[in-house]
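**Student:** Below are the structure tokens for one structure; questions will follow.
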Amino acid sequence: MANALDAVDWEDLRRQARHLENEIDAKLVAFSKLGVNSGSKLVNGDEEPLLDEEHVFDNMASEIEALLAKLFSINERMSKLQPNGAAMLHTMQRHKDILKDYKLEFNKIRNNFDARRDREDLLGSVRKEIDVTGLNRREMYMKENQHIHNSDHLLNDQISIAMETRDHLMTQRQTFKRIQTRLNDISNRFPAVNSLVQRINLRKRRDSLIVGLIIGFCTFLMLLYAFH
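Laid out in structure tokens, this is it:
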């Protein structure tokens, strides 16, 4: 009677095991394709993996884990039955080997997917850092170019002012020369005026020296500011 019950249990467990194995096999095929497709999108830097695809992958992984746990439980129940021969022992071992292969394949697919996802996360962080660094450098170059442009413009303005000042001084110098010539003529005619002319010349030289020093100092300060 016990042997008859064991035979019924054995056949029922075998049917359940084969059904689970077929279901796991089909899901592993779909799981592998999903992992490869998601991985190709992870490797491709042009687009980020969709969240729903990762969600589907994780859900399928949970379903396969549950099926593997059921198949393990079936194998454990078969192992508790009294084998009636070598064929039954061989079948038990065969189901255990199939379960082992399924676990290895499942872990391989999931680990490869996780490794690709981690690698893409790292590459994404590096790309973002490069983008931010490149943007900062472009901003720095633009500011530097703007500063150089402003300095050139300021320098040109100062050069123009200096040239206008030089022309004005040359005009004044020519005017002073004409006045000097007239005064010399007057001093030659009127000796009393000669002393006054000398004092005027001395004061003019002093004023010219002071004006020249002031213009030179101002020009130096403007050039120093422009190239700072």
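The numbering of the sequence shown is my numbering, which starts it at 447 and goes up by one.
A virtual CB, placed ideally from N, CA and C, is assigned to each residue, including glycine.
By Cβ distance, which residues of its chain are closer than 6 Å to V489, with the 5 residues on each side in sequence left out?
**Tutor:** Translated into positions along the sequence shown, residue 489 becomes position 43. No answer about V489 holds up, because its pLDDT of 46 lies below 50 and its placement is not dependable.
**Student:** Report yes if the CB atom of F559 is closer than 9 Å to the CB atom of F503, and no otherwise.
**Tutor:** Taking the sequence shown and counting its residues from 1, the one referred to as residue 559 is at position 113. Taking the sequence shown and counting its residues from 1, the one referred to as residue 503 is at position 57. Yes, Cβ-Cβ distance for F559 and F503 is below 9 Å.
**Student:** Under the three-state reduction of DSSP, which class applies to Q528: helix, strand or coil?
**Tutor:** The residue you call residue 528 lines up with position 82 of the sequence shown. The answer is coil: DSSP assigns Q528 none of H, G, I, E or B.
**Student:** Taking the Cβ atom as the reference point for each residue, do R563 and E500 lie within a distance shorter than 9 Å?
**Tutor:** For this step, residue 563 is matched to residue 117 along the sequence shown. For this step, residue 500 is matched to residue 54 along the sequence shown. Yes; because the gap between Cβ atoms is below 9 Å, this pair is in contact.
**Student:** Taking the alpha-carbon positions, what's the L527 to I544 distance?
**Tutor:** The residue you call residue 527 lines up with position 81 of the sequence shown. The residue you call residue 544 lines up with position 98 of the sequence shown. Cα-Cα distance, rounded: 19 Å.
**Student:** Put P495 into one of helix, strand or coil per three-state DSSP.
**Tutor:** Locating residue 495 in the sequence shown gives position 49, where the first residue counts as 1. Here the model assigns P495 a pLDDT of 48, short of 50, so the residue's position is not dependable and the matter cannot be decided.
**Student:** At the level of alpha carbons, what is the spacing between A507 and F477?
**Tutor:** Taking the first residue of the sequence shown as position 1, residue 507 is located at position 61. Taking the first residue of the sequence shown as position 1, residue 477 is located at position 31. Looking at the two C-alpha atoms, the distance is approximately 8 Å.
**Student:** Can you give me the C-alpha to C-alpha distance between A561 and D547, rounded to a whole angstrom?
**Tutor:** As a first step, residue 561 is located in the sequence shown; it is residue number 115 there, counting from the start. As a first step, residue 547 is located in the sequence shown; it is residue number 101 there, counting from the start. Note on geometry: alpha-carbon atoms of A561 and D547 lie some 21 Å from one another.
**Student:** Measure the Cβ-Cβ separation of E509 and K473 and say whether it is below 9 Å.
**Tutor:** As a working note, residue 509 is residue 63 in the sequence shown. As a working note, residue 473 is residue 27 in the sequence shown. At a Cβ-Cβ threshold of 9 Å, E509 and K473 count as neighbours.
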